[in-house]
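Worksheet: one structure, shown below.
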């Protein structure tokens with residue numbers, strides 16, 4: 075029943091198989107490049123390619139040429155100053171997560187920014203310390219150089235203080251992570267970040283936020299808690315905190331609570347009135363300055379015994395060489411750092427590139443962060459990425475290019491060289507409070523769980539497993555667990571797809587899953603089986619099992635039964651127990667038949683049925699002589715819908731050919747429709763076709779195959795009137811803009827264009 079006012083179209087065209095379509099329409103020949111051709115092209119250089127390579131490796135050349143001084147410079151200056159003040163504070167705060175002296179955070183907010191200024195493709199992210207990376211660095215540092223207990227047996231530690239040993243570990247693992255990022259960028263494998271789904275990253279960063287929160291409790295409470303690393307480190311840390319909870323410093327708690335409440339309120343006001351405020355209120359910087367002044371005036375360190383930042387040396391230290399022994403001990407830690415640092419930065423950069431309409435290059439970003447980390451590690455900084463809040467400040471305050479980032483590095487440099495001593499009385503509880511309050515965004519990601527559970531339980535499980543794994547097992551192992559679960563989830567979805575049997579909507583060329591609709595018809599003797607995924611070695615057995623369920627019988631079992639029945643009939647004819655007459659076979663013996671007698675040489679039972687020695691071809695669906703029983707097969711045609719099959723590997727190809735041969739040998743005609751041209755070419759190259767499986771089984775569309783079956787089996791149409799309800803209209807475009815309707819009944823093969 076057509077709904078009132080619905081538009082209709084009807085155009086006639088010939089019925090097409092893949093072969094007939096190829097004969098009628100000339101195909102463009104495309105010469106495919108070999109691997110050697112790609113290698114030659116990659117290493118071929120000319121003036122144009124050299125220019126493009128220079129612009130690609132130094133993106134600064136591209137955006138400096140279009141820099142609009144009058145429109146952009148003021149915004150970059152305001153943004154640079156604002157971001158620089160935040161970078162100073164976050165550098166000090168996040169350095170505590172890395173278990174390093176606070177002033178090394180200023181190095182991490184300076185050196186990587188300078189390198190990224192020349193090599194990065196994003197104009198808005200603020201490069202520098204990132205809390206998750208800082209925490210991952212801290213876990214490596216405390217493992218190799220624990221506060222209590224012997225340090226790792228590394229030659230480079232001889233003669234160094236604990237702080238210097240920890241700095242050497244942090245810079246070496248950062249250097250190694252930078253090498254990994256640079257290598258991935260040079261090898262053009264920036265796509266690896268695609269394997270980290272949004273759900274995995276969300277679960278991982280939420281777990282990291284919980285780790286960061288727990289790690290900052292010792293500063294907020296004023297406790298001396300040893301650093302733990304490895305699985306269940308968060309449990310041991312909490313146990314140590316609650317054991318000492320009665321020894322908490324009340325002054326630290328009060329300071330931290332005041333800082334958190336004030337910063338939280340002002341941040342909420344910034345978000346609510348961001349359209350009216352020219353620049354967000356830098357409340358963290360303001361509260362830090364106030365806390366420094368109050369701590370200095372009332373001498374909190376002496377009177378209340380609170381822990382302060384302490385002496386910050388002026389200037390920069392000479393470069394340091396990484397330690398190869400540390401490389402060997404931290405290789406498994408450096409790789410997840412390289413991946414996480416790049417993934418987070420690239421995700422943020424992608425958001426701003428879409429917002430401001432420019433492109434970023436994932437491989438160039440890998441090179442930029444690789445060089446930034448290598449350069450920074452040489453000057454004692456630790457792994458850099460981008461902090462979400464700091465990047466938001468740089469973009470929202472009017473930053474247009476990385477000149478704002480460079481100016482923020484200048485602000486950090488001024489603090490490092492000239493006024494760092496003013497931060498001497500700053501309580502560490504203030505830094506801990508700033509870190510904790512900036513975790514709000516990451517912690518609130520837990521609200522995604524109910525949404526994911528309602529929408530997609532697979533994605534929800536990835537989120538939960540990644541989060542719980544990273545919390546209990548540590549960030550590095552947790553990330554590996556989450557990635558493993560994600561890949562297993564993808565494999566399982568492809569390995570066990572939702573195969574379906576399709577049926578036809580009366581009067582149309584539309585076919586849908588028969589379980590989803592009521593007014594659909596299944597032509598008698600025909601099954602339409604849809605495979606909604608690639609077919610490869612892991613899911614071919616599942617595909618075969620589902621296909622057998624769809625057709626309702628095992629073709630191999632039926633074939634063996636038929637061949638066994640033929641043996642019995644031949645032997646009975648030879649013995650005279652069975653005779654042929656015009657009325658059919660006559661059984662002249664009434665003795666019992668022992669089927670086991672005919673089970674010898676089982677390999678012959680799998681061969682095609684052979685009627686050459688028999689007086690007439692046997693109708694397997696009719697009553698057989700001598701009470702021989704063979705499973706009945708009511709199916710004469712099977713259509714396989716390959717529209718969603720994107721690839722087919724060699725293992726699956728062999729198994730597919732086997733199952734098709736088994737079906738053909740039990741007199742079921744096979745048709746494959748909507749097959750991708752790449753798969754068709756592969757089938758030809760792999761010698762898929764022979765005397766039984768022929769190229770003529772491939773049809774252009776499902777409806778083409780159905781009409782071909784109707785023409786080939788007119789007796790089925792006579793037995794079932796529903797065949798007349800299957801539309802014989804074909805859908806094609808008429809160049810003149812008109813549509814023609816051609817409703818045919820029966821099996822007339824003529825069609826008009």
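Numbering (my numbering), first residue to last: 75 to 827.
Every residue gets a Cβ at the ideal spot worked out from N, C-alpha and C, and that includes glycine.
For residue 469, does the count of other Cβ atoms within 10 angstroms reach 16, so buried, or fall short, so exposed? Taking the first residue of the chain shown as 1, we reach residue 469 at position 395. Classification of residue 469: buried, given that the 10 Å Cβ count is 16 or more.
Among 258, 215, 774, which one has its Cα closest to the Cα of residue 436? By one-based count along the chain shown, residue 436 stands at place 362. For the residues 258, 215, 774, the minimum Cα distance to residue 436 belongs to 258.
Going by alpha carbons, who is nearest to residue 296 out of 344, 375, 409? For the purposes of this step, residue 296 is taken as residue 222 along the chain shown, with counting starting at 1. Selected option, being the one with the closest Cα: 375.
Sheet register partners of residue 585 (DSSP bridge): Here residue 585 is taken as the residue at index 511 of the chain shown, counted from 1. In the DSSP output, where bridge partners are listed per residue, residue 585 has 578.
Measure the beta-carbon distance from residue 417 to residue 509 and round it to whole angstroms, keeping in mind my assumption that it falls under 8 Å. By 1-based counting over the chain shown, the position of residue 417 is 343. By 1-based counting over the chain shown, the position of residue 509 is 435. With a Cβ gap of about 21 Å, residue 417 and residue 509 do not count as contacting.
Exposure label - residue 118; buried when at least 16 CB within 10 Å: Within the chain shown, numbered from 1, the residue matching residue 118 stands at position 44. Exposed is the call here.
Give the DSSP-derived three-state secondary structure of residue 179 in the structure shown. As a first step, residue 179 must be located in the chain shown, where it is residue number 105. Three-state DSSP puts residue 179 in a helix.
Quick one: what's got a C-beta closer than 7 Å to residue 635's C-beta in the same chain, skipping five residues either side? Indexing the chain shown from 1 puts residue 635 at position 561. If we look at residue 635 and ignore the five residues flanking it on each side, its Cβ neighbours are 704, 705.
When DSSP labels each residue in this structure, what does residue 805 get in the three-state scheme? The residue you call residue 805 lines up with position 731 of the chain shown. Since pLDDT at residue 805 reaches only 43, below the 50 mark, its modelled position is unreliable, and the value read off the structure follows with that caveat. Correct three-state label for residue 805: coil.
Drop a sphere of 10 angstroms on the beta-carbon of residue 760, count the other beta-carbons inside from all chains shown, and report buried for 16 or more, exposed for fewer. Counting from 1 along the chain shown, the entry for residue 760 is found at position 686. Exposed, because fewer than 16 other Cβ atoms sit within 10 Å of the Cβ of residue 760.
Check whether residue 830 and residue 193 have beta carbons under 7 Å apart: Residue coverage of the chain in this structure runs from 75 to 827, which leaves residue 830 outside it and unanswerable.
Can you grab the Cα-Cα spacing for the pair residue 95 / residue 728, in whole Å? Taking the chain shown and counting its residues from 1, one reaches residue 95 at position 21. Taking the chain shown and counting its residues from 1, one reaches residue 728 at position 654. Between residue 95 and residue 728, the C-alpha separation is close to 26 Å.
Nearest-angstrom Cα separation, counted from residue 362 out to residue 429: Within the chain shown, the letter at position 355 stands for residue 429. Within the chain shown, the letter at position 288 stands for residue 362. Annotation: residue 429 to residue 362 spans about 32 Å, alpha carbon to alpha carbon.
Assuming residue 188 and residue 215 make a contact with CB atoms under 8 Å, what is their CB distance in whole Å? Counting from one through the chain shown, the residue named residue 188 turns up at place 114. Counting from one through the chain shown, the residue named residue 215 turns up at place 141. Actually they are not in contact, since the Cβ atoms of residue 188 and residue 215 sit about 24 Å apart, beyond 8 Å.
Per DSSP, which one or two residues make a beta bridge with residue 772? Residue 772 sits at position 698 when you count from the first residue of the chain shown. Its beta-bridge partners are 746.
Residue span of the beta strand (DSSP E) that contains residue 600, given as start and end: For the purposes of this step, residue 600 is taken as residue 526 along the chain shown, with counting starting at 1. It spans 600-604 - the beta strand (DSSP E) in which residue 600 sits, taken as one unbroken run.
Please classify residue 107: is it buried, with 16 or more other beta-carbons within 10 angstroms of its beta-carbon, or exposed? The residue labelled residue 107 in the question sits at position 33 within the chain shown. Under this definition residue 107 is an exposed residue.
Nearest residue (CA-CA) to residue 240, options 170, 597, 351, 353: For the purposes of this step, residue 240 is taken as residue 166 along the chain shown, with counting starting at 1. Considering only 170, 597, 351, 353, the residue with the shortest C-alpha distance to residue 240 is 170.
Would residue 458 and residue 208 qualify as a contact pair, given that the criterion is a beta-carbon distance under 7 Å? For the purposes of this step, residue 458 is identified with residue 384 of the chain shown, where counting begins at 1. For the purposes of this step, residue 208 is identified with residue 134 of the chain shown, where counting begins at 1. For residue 458 and residue 208, no; Cβs fall outside 7 Å.
Mind pulling the alpha helix (DSSP H) runs of 4 or more residues that sit fully within the region 130-190? 133-139, 143-171, 178-182
For the structure I just gave you, are there three or more beta carbon pairs, one from the region 568-584 and one from the region 736-754, closer than 8 Å? no
By Cβ distance, which residues of its chain are closer than 8 Å to residue 230, with the 5 residues on each side in sequence left out? Mapped onto the chain shown, residue 230 falls at position 156. Around residue 230: 242, 397, 399, 400.
Below 8 Å CB to CB, which residues in the same chain sit around residue 689 once its five sequence neighbours on both sides are set aside? Here residue 689 refers to the residue found at position 615 when the chain shown is read from its first residue. Same-chain partners within the cutoff: 654.
Give the C-beta separation of residue 305 and residue 493 to the nearest angstrom, bearing in mind that I take them to be a contact with Cβ-Cβ under 8 Å. Position 231 of the chain shown, counted from the first residue, corresponds to residue 305. Position 419 of the chain shown, counted from the first residue, corresponds to residue 493. At roughly 43 Å, the Cβ-Cβ gap does not stay under 8 Å, so residue 305 and residue 493 are not in contact.
Straight-line Cα distance separating residue 320 from residue 172: Taking the first residue of the chain shown as position 1, residue 172 is located at position 98. Taking the first residue of the chain shown as position 1, residue 320 is located at position 246. Between residue 172 and residue 320, the C-alpha separation is close to 26 Å.
Buried or exposed (CB count within 10 angstroms, at least 16 for buried), residue 358: The residue you call residue 358 lines up with position 284 of the chain shown. Counting Cβ neighbours within 10 Å, residue 358 comes out buried, since at least 16 surround it.
Are the region 692-712 and the region 595-605 in contact at 8 Å, needing three or more beta carbon pairs? yes
Evaluate residue 758 with the Cβ neighbour count: other Cβ atoms within 10 Å of its Cβ, from every protein chain shown; 16 or more gives buried, anything less gives exposed. Counting from 1 along the chain shown, the entry for residue 758 is found at position 684. The residue is exposed, with fewer than 16 neighbouring Cβ atoms inside 10 Å.
Which stretch, first to last residue, makes up the alpha helix (DSSP H) that contains residue 238? The sequence position of residue 238 within the chain shown is 164, counting from 1. Where residue 238 is concerned, the enclosing alpha helix (DSSP H) stretches over 236-260.
Residue 773 beta carbon near the ligand NAP (any heavy atom closer than 6 Å): Among the ligands in the structure shown, none appear at all, so the ligand NAP cannot be discussed.
Alpha-carbon to alpha-carbon, residue 177 and residue 833: The first residue shown for the chain is 75 and the last is 827, placing residue 833 beyond what the model contains.
Rounded straight-line distance, which links the Cα of residue 110 to that of residue 769: Taking the chain shown and counting its residues from 1, the one referred to as residue 769 is at position 695. Taking the chain shown and counting its residues from 1, the one referred to as residue 110 is at position 36. About 32 Å.
Quick one: grab the DSSP three-state call for residue 501. In the chain shown, residue 501 corresponds to position 427, counting from 1. Correct three-state label for residue 501: strand.
Leaving aside the five residues before and after residue 337 along the sequence, list all residues of the same chain whose C-beta is less than 8 Å from its C-beta, in chain order. Counting from 1 along the chain shown, the entry for residue 337 is found at position 263. Result list for residue 337: 357, 358, 361, 507, 508, 511, in chain order.
What residue range is occupied by the uninterrupted beta strand (DSSP E) comprising residue 108? Here residue 108 is taken as the residue at index 34 of the chain shown, counted from 1. No beta strand (DSSP E) holds residue 108; DSSP gives it neither H nor E.
For residue 223, three-class secondary structure by DSSP: Within the chain shown, the letter at position 149 stands for residue 223. Coil at residue 223, not helix or strand.
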